[in-house]
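Under the numbering used here, think of the first position of the sequence shown as 24, with each following residue one higher.
Report on the structure given below.
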Amino acid sequence: MRYRFRTLAVGIAVAALTLSACGNEGSPDDANKTDKGPSPTFEVAESVTLTGSPTYDKAKAAGKLVVGVKYDQPGLGQLPAGANQPEGFDVEIAKMLAADLGFSPDQITFTETVSANREPFLQNGTVDLVVATYTINDRRKEVVDFAGPYYVAGQDLLVKKDNTDITGPESLDGKKVCSVDGSTPAQRIEEQYTNAELVTFDTYSKCVEQLTNGSVDAVTTDDAILRGYAAAQPDTLKVVGNSFSSEPYGIGLPKGDTALRTFLNESLTKHAENGDWTTVFEYTLGDSDGVSPPPVDQY
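So, in structure tokens, the structure goes:
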């Protein structure tokens, strides 16, 4: 059985965004990251050996690196009310890579980048890089290049902290599961887990509200997004941790900039090995127990 709940006001507000981690409809728009103190810092390279990269040459000449990120995904890329800079896992990954390229935090310009304009922004030079829950796939690789992946997301389930009934998608029979209308996660539940009751809204934040007030049993989308919500309410919510899809997040860069792609892959590998990746993950998305950085350049 499938239910849909919408209001005209919310529908109009969200229609302009049409966002998600995988380029589908809808995304979170309300949550506050738990205060974990000052963000990680990275040593800025004084000299950079990188030749043959038009993207890097442009940024170096301008004295700034322009990075596209999401502004509405808690724990990943979010611009809190009244803040001047976005925060989250993607943002910290961008700062980490920028430091290796010789750019300090005050030399990074973050630009809001939604799912629909990631490729155009890279193609027309609006941004130098995109770090925005950007799933690597063959269609996108026809027009842009990717470094990474720096994280492999998977569809998972968000439940109440005390829930012991739901351990994965196989235990959803008779349960009310909330997702965003028209999204790939919702479609997967509807097509593959037909004994679950799918409830859809226009944003994941609405689903989380329904979960906390007991109207639904679980929320489903990419685990990285769900971790952001869990980190915002650690005493109330948890991620089940049994993913059932694969979404490799990559660093988007202009097509053909092989030198920059190679440099970023080497940078990601270094930070995975020296522990920086884990530090960033725990600062933004929570406990890294059982979560490791993926092998780079495997897609």
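All C-beta atoms, glycine included, are put in the ideal place defined by N, C-alpha and C.
All values reported here derive from a predicted model rather than from experimental measurement.
Please report the straight-line C-alpha distance between residue 239 and residue 321, rounded to a whole angstrom. 37 Å
Output yes or no for whether 7 Å exceeds the beta carbon distance between residue 153 and residue 91. yes
Rounded to the nearest angstrom, what separates residue 226 and residue 170 at their Cα positions? 29 Å
Taking the continuous alpha helix (DSSP H) assigned at residue 118, which residues delimit it? 112 to 123
Span of the alpha helix (DSSP H), counted from its first residue to its last, around residue 81: 77 to 85
In whole angstroms, what separates the C-alpha of residue 241 from that of residue 156? 22 Å
Between residue 261 and residue 84, what straight-line distance do the alpha-carbon atoms span, to the nearest angstrom? 45 Å
Residue 71 and residue 124: beta carbons closer than 7 Å? yes
Is the beta carbon of residue 159 sitting closer than 7 Å to the one on residue 273? yes
By the 10 Å Cβ neighbour count, where 16 or more other Cβ atoms means buried, how is residue 270 classified, buried or exposed? buried
List the DSSP bridge partners of residue 199. 220
Neighbourhood of residue 212 by C-beta distance below 7 Å, restricted to the same chain and skipping five residues each side: 200, 202, 219, 221 and 243
What do you get for residue 172, buried or exposed, if any count of 16 or more other CB atoms within 10 angstroms of its CB means buried? buried
With a floor of 4 residues, list each alpha helix (DSSP H) that falls wholly inside the region 242 to 321, ordered by position along the chain. 246 to 255, 281 to 296 and 299 to 307
Integer-rounded CB distance, given that residue 89 should sit under 8 Å from residue 100: Contact doesn't hold; Cβ gap of about 15 Å is too wide.
Residue 146: buried (16+ other C-beta within 10 angstroms of its C-beta) or exposed? exposed
Quick check on residue 104: does DSSP put it in helix, strand or coil? coil
Can you tell which of 116, 129, 277 and 245 has the C-alpha that lies nearest to the C-alpha of residue 81? 277
So that I know if they touch, is there some Cβ in chain D lying closer than 7 Å to that of residue 291? Annotation note: the requested chain D is absent from the structure, which comprises a single protein chain.
Three-way DSSP call (helix, strand, coil) for residue 229 in this model: helix
Which of the three DSSP states is assigned to residue 176 in this structure? strand
With H, G and I counted as helix, E and B as strand and the rest as coil, what does DSSP make of residue 139? helix
Identity of the residue in 237, 205, 166 and 176 nearest residue 198 by Cα: 237
Going by DSSP, name the residue or residues bridged to residue 132. 89
Can you pull the DSSP bridge partners for residue 73? According to DSSP, which records beta bridges pairwise, residue 73 is partnered with nothing at all.
From residue 263 to residue 287, what distance separates their C-alpha atoms? 32 Å
Which residue from 93, 183, 118 and 300 puts its Cα closest to that of residue 315? 300
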